[in-house]
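Enquirer: Numbering (our numbering), first residue to last: 4 to 746.
(1) I'd like to check one pair, residue 128 with residue 236: are the Cβ atoms closer than 8 Å?
(2) Report the CB separation of residue 223 from residue 141 in whole angstroms; it is logged as a contact under 8 Å.
(3) Could you tell me the alpha carbon to alpha carbon distance between residue 677 and residue 350, rounded to whole angstroms?
(4) Rounded to whole angstroms, what is the Cα-Cα separation between residue 504 and residue 348?
(5) Report buried or exposed for residue 29, applying the criterion of at least 16 other Cβ atoms within 10 angstroms of its Cβ.
(6) For a quick check, are the C-beta atoms of residue 396 and residue 454 less than 8 Å apart?
(7) Which residues in the same chain have their Cβ closer than 8 Å to the Cβ of residue 601, if we skip the five residues on either side of it in sequence?
(8) Residues in the same chain with beta-carbon distance under 7 Å from residue 495, minus the five sequence neighbours each way, listed in chain order, please.
(9) Cα-Cα, which of 485, 229, 291 and 622 is closest to residue 263?
(10) Three Cβ pairs or more, each shorter than 8 Å: is that satisfied between the stretch 646-663 and the stretch 716-728?
(11) Determine the DSSP secondary structure at residue 726, reduced to helix, strand or coil.
(12) I'd like to know if the stretch 634-643 and the stretch 672-691 are in contact, where contact means that at least 3 CB-CB pairs between them fall below 8 Å.
(13) Would residue 148 and residue 85 qualify as a contact pair, given that the criterion is a beta-carbon distance under 8 Å?
(14) Considering Cα atoms alone, identify which of 150, 241, 507 and 114 is closest to residue 218.
(15) Taking one C-beta from the stretch 334-341 and one from the stretch 283-301 each time, how about it: are there three or more such pairs within less than 8 Å?
(16) Sort out for me which residues DSSP pairs residue 516 with in a bridge.
(17) Taking just the CA atoms, how far does residue 587 sit from residue 360?
(18) Hey, how far is the Cα of residue 467 from the Cα of residue 40?
(19) At a cut of 8 Å, does the stretch 708-719 reach the stretch 405-416 through at least three beta carbon pairs?
(20) CA-CA distance, residue 98 and residue 420?
(21) What residues in its chain sit with their C-beta under 7 Å from that of residue 160, if we drop five residues either side in the sequence?
(22) Just the C-alpha distance for residue 89 and residue 122, rounded to the nearest angstrom, thanks.
(23) Give the secondary structure of residue 11 by DSSP, where H, G and I count as helix, E and B as strand, and everything else as coil.
(24) DSSP beta-bridge partners for residue 686?
(25) Please classify residue 596: is it buried, with 16 or more other beta-carbons within 10 angstroms of its beta-carbon, or exposed?
(26) Which stretch, first to last residue, makes up the alpha helix (DSSP H) that contains residue 442?
(27) For chain B, is any of its Cβ atoms less than 8 Å away from the one on residue 220?
(28) Buried or exposed for residue 713, please, with buried defined as at least 16 other CB atoms from any protein chain shown within 10 angstroms of its CB.
(29) Which ranges would you report for the alpha helix (DSSP H) in the stretch 109-180 if only whole runs of at least 4 residues count?
(30) Spatial neighbours of residue 291 within its chain, please: C-beta separation below 7 Å, excluding the five flanking residues on both sides.
(31) Kindly indicate which residue of 70, 38 and 83 has the alpha-carbon position closest to the one of residue 179.
(32) Among residues of its own chain, excluding the 5 on either side of residue 53, which ones have a beta-carbon nearer than 7 Å to its beta-carbon?
(33) Can the beta-carbon of residue 43 be found closer than 8 Å to that of residue 341?
(34) Strictly by DSSP, which residues pair up with residue 669?
(35) Is DSSP giving residue 681 helix, strand or coil here?
(36) Looking at C-alpha atoms only, which residue of 384, 188 and 181 is the closest neighbour of residue 284?
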């Protein structure tokens with residue numbers, strides 16, 4: 004029998020899971036912090052383990068080296084492919100340059116060699132020997148037995164903070180970046196002796212991550228309990244959770260054989276899948292509460308949620324995730340990867356066929372490379388922040404391949420390498436210790452993080468302090484000095500009465516809030532291979548090389564905190580408007596008037612803009628390395644209500660045709676998406692003489708061309724249009740609304 008859950012049943016289930024009030028997470032306080040630094044990384048990318056183009060070893064080398072050929076130099080890296088299964092042996096390497104003692108190059112066998120042709124079909128585990136006996140290995144086996152040993156070995160061999168994650172195929176939805184780090188890269192590895200010849204036995208393990216993949220990934224229908232077919236020898240996993248009575252619910256597809264939820268199909272598939280995903284989060288919170296994270300990926304891409312399928316995330320689903328597991332589900336990737344693809348982020352108008360209806364990605368396209376949930380001031384992200392939730396913004400590469408180019412080419416019609424274009428900078432408080440998976444995950448959880456594209460900025464200090472008349476008075480200059488010191492040292496502040504990203508500043512009614520921002524717009528070239536002038540800026544008479552972007556302005560965005568929404572209430576759930584109800588045929592939008600109350604926060608607005616044509620910033624020289632920083636501050640007088648502040652900035656001024664509106668907000672990227680050449684609007688006219696390599700001086704041949712005219716598209720569109728986003732600082736005013744989700 005097929006069971007269909009109504010919206011009221013979904014809401015009641017969520018309410019029962021969290022009780023009358025949401026659970027507040029355990030987060031860093033604003034003083035007495037362990038010292039740390041902002042370090043850059045990526046947690047969403049692919050190798051031949053799933054549908055990527057290169058081996059694990061090549062990807063690690065590409066993104067962590069600091070050489071001419073591979074200059075990205077990330078500080079930390081999580082290798083995370085799709086859940087489900089795959090047929091290629093990603094532990095094999097492309098050539099002898101990638102050979103290591105434990106994993107040498109094998110002539111005639113590269114990373115596209117199948118598992119059956121390298122380890123033998125008899126070694127495939129699970130029902131029927133792998134996936135139905137067709138030579139595909141379940142992801143749980145790949146993670147546990149093959150991918151993890153390679154990652155651990157490379158972490159020790161290269162002395163790098165590497166660990167494994169997963170891009171889960173989400174029950175009821177689309178994809179999510181996640182990991183369970185328990186057991187991975189133990190401290191004992193620091194002093195381990197590595198083998199001098201082939202073969203490596205790991206000291207740690209990814210058994211917890213592998214179990215999660217078996218238990219909860221929608222792409223895993225295996226019911227072997229992680230064992231060899233017909234045998235009880237193996238993992239003998241049991242996915243039940245004593246902390247949740249629903250973990251073995253028959254209505255959600257509990258299999259007594261597999262000891263897991265096998266999501267049933269038919270009517271209500273999406274609703275039941277969502278409840279299964281809530282069980283996955285409750286399992287993580289119960290068994291690995293401090294050793295896991297769950298971050299929905301490119302969450303606008305698959306359009307609105309489909310109650311009868313597996314598509315998209317509405318705001319109520321994000322609220323449910325955060326309610327049941329606030330220390331695990333604490334943010335989203337609303338700045339997706341695939342930045343060089345024909346449709347930026349792979350977001351597209353009428354991308355999805357849902358029940359026979361062609362449906363847009365939510366928002367239709369990206370906006371300045373960011374999904375509408377975060378790019379729209381007053382939209383979904385501001386609605387979540389307006390509740391006072393720990394819900395943070397992240398960016399990742401979603402690396403797969405270079406499209407029409409090879410993996411060593413600097414041009415791309417699909418993806419950028421991790422660290423090449425997008426980076427998440429996170430405060431990791433490791434003191435005198437080395438970077439480790441636990442402190443990296445702890446850093447992500449705090450929300451003390453910011454993301455930037457195209458190396459627009461590479462340092463940021465964002466500080467808010469209380470100031471009271473008489474004793475406790477602070478000047479703008481004194482708070483600026485704190486921010487300058489933090490930015491020049493790549494760290495943050497540790498001062499009573501002050502807070503930074505992901506933290507809550509307690510204030511008495513009537514206090515002034517002094518906000519200081521210090522950024523570094525790095526000198527010289529970024530990682531773009533294009534040296535010709537930015538065609539988007541050429542429209543407004545600005546001559547600026549694509550590989551030497553200049554920060555134009557910084558916006559300070561403020562919104563009020565009004566408290567958590569109640570599951571089942573009218574303002575708890577609502578989908579982003581579909582099709583032309585949001586993105587009109589000419590590429591403009593209908594605005595927030597068409598967005599349901601649950602998915603917007605009308606109090607959110609830009610309260611200050613610094614930079615060109617706005618309030619000027621001040622340049623200061625670092626006392627550390629004499630590089631130039633930009634310093635700015637504002638004063639919010641006599642606060643009476645709880646609120647939050649967040650930042651964004653761009654290389655584009657306001658009113659750049661087809662890029663920004665008169666207020667400096669990003670416009671729809673439909674005007675630079677080659678997926679629909681009829682909408683292309685920005686010409687690229689520079690004729691060059693160097694057409695390959697790292698210094699291409701003219702519009703490349705691969706740009707979309709209409710009637711002989713090249714247009715900004717693919718990777719040129721991405722390098723033309725750069726943004727950074729910070730996470731918020733909360734201000735909790737006594738006798739106003741409590742900021743319940745953040746300490």
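Backbone N, C-alpha and C define an ideal beta-carbon position, used for all residues, glycine too.
Expert: The answer reads as follows:
(1) To locate residue 236, count along the chain shown from 1; it is residue 233. To locate residue 128, count along the chain shown from 1; it is residue 125. No; because the gap between Cβ atoms is not below 8 Å, this pair is not in contact.
(2) Start at 1 with the first residue of the chain shown, and residue 223 comes out as number 220. Start at 1 with the first residue of the chain shown, and residue 141 comes out as number 138. Yes, they are in contact, since the Cβ atoms of residue 223 and residue 141 sit about 6 Å apart, within 8 Å.
(3) Here residue 677 corresponds to residue number 674 of the chain shown, with the count starting at 1. Here residue 350 corresponds to residue number 347 of the chain shown, with the count starting at 1. So the alpha carbons of these two residues sit roughly 12 Å apart.
(4) On the chain shown, position 501 is the one that residue 504 refers to. On the chain shown, position 345 is the one that residue 348 refers to. Using only the alpha carbons, I get a separation of about 26 Å.
(5) Numbered from 1 along the chain shown, position 26 holds the residue referred to as residue 29. Unreliable positioning characterises residue 29 in this predicted model, as indicated by a pLDDT of 35, which lies under 50. The coordinate reading is nonetheless provided below. Exposed, because fewer than 16 other Cβ atoms sit within 10 Å of the Cβ of residue 29.
(6) By one-based count along the chain shown, residue 396 stands at place 393. By one-based count along the chain shown, residue 454 stands at place 451. Yes.
(7) Your numbering for residue 601 matches position 598 in the chain shown. Taken in chain order, the residues that qualify are 318, 319, 386, 568, 573, 574, 575, 576 and 577.
(8) Looking up residue 495 in the chain shown gives position 492. The residues are 430, 451, 464, 489 and 503.
(9) Stepping through the chain shown from its first residue, residue 263 is reached at position 260. Cα-wise, what sits closest to residue 263 is 229.
(10) yes
(11) If you number the chain shown from 1, residue 726 lands on position 723. In the structure shown, residue 726 sits in a strand (DSSP, three-state: E or B).
(12) no
(13) Taking the first residue of the chain shown as position 1, residue 148 is located at position 145. Taking the first residue of the chain shown as position 1, residue 85 is located at position 82. Cβ distance not < 8 Å, so residue 148 and residue 85 don't count as in contact.
(14) As a first step, residue 218 is located in the chain shown; it is residue number 215 there, counting from the start. Nearest C-alpha to residue 218: 241.
(15) yes
(16) Locating residue 516 in the chain shown gives position 513, counting from the first residue. Answer is 469 and 639.
(17) Translated into the one-based positions of the chain shown, residue 360 becomes position 357. Translated into the one-based positions of the chain shown, residue 587 becomes position 584. One C-alpha to the other measures close to 17 Å.
(18) The residue labelled residue 467 in the question sits at position 464 within the chain shown. The residue labelled residue 40 in the question sits at position 37 within the chain shown. For residue 467 and residue 40, the distance between alpha carbons rounds to 19 Å.
(19) yes
(20) Translated into positions along the chain shown, residue 98 becomes position 95. Translated into positions along the chain shown, residue 420 becomes position 417. Approximately 19 Å, taken between the alpha carbons.
(21) Here residue 160 refers to the residue found at position 157 when the chain shown is read from its first residue. For residue 160, where only same-chain residues beyond five positions count, the Cβ hits under 7 Å are 103 and 197.
(22) Position 86 of the chain shown, counted from the first residue, corresponds to residue 89. Position 119 of the chain shown, counted from the first residue, corresponds to residue 122. For residue 89 and residue 122, the distance between alpha carbons rounds to 14 Å.
(23) Numbered from its first residue, the chain shown carries residue 11 at position 8. Its pLDDT being 39, under 50, residue 11 is placed unreliably by the model, and the measurement read from it follows with that caveat. Here residue 11 sits in helix by DSSP.
(24) Residue numbering aside, residue 686 sits at position 683 when the chain shown is read from its first letter. Its beta-bridge partners are 714.
(25) Indexing the chain shown from 1 puts residue 596 at position 593. Burial call: exposed.
(26) Your numbering for residue 442 matches position 439 in the chain shown. Element bounds for residue 442: 440-449.
(27) Considering every chain present, this structure includes no chain B. It has just one protein chain.
(28) As a working note, residue 713 is residue 710 in the chain shown. Residue 713 should be labelled buried.
(29) 151-160
(30) The residue you call residue 291 lines up with position 288 of the chain shown. Here the set comprises 183, 185 and 211.
(31) In the chain shown, residue 179 corresponds to position 176, counting from 1. Taking only the C-alpha atoms, the option nearest residue 179 is 83.
(32) Position 50 of the chain shown, counting from 1, holds the residue named residue 53. So the list reads 84, 85 and 89, once near-sequence residues are dropped.
(33) If you number the chain shown from 1, residue 43 lands on position 40. If you number the chain shown from 1, residue 341 lands on position 338. Result no, Cβ atoms of residue 43 and residue 341 do not sit closer than 8 Å.
(34) For the purposes of this step, residue 669 is taken as the residue at position 666 of the chain shown. Answer is 663, bridged to residue 669.
(35) Position 678 of the chain shown, counting from 1, holds the residue named residue 681. In this structure, residue 681 counts as helix in the three-state DSSP scheme.
(36) In the chain shown, residue 284 corresponds to position 281, counting from 1. Comparing Cα-Cα distances from residue 284 to each of 384, 188 and 181, the minimum goes to 181.
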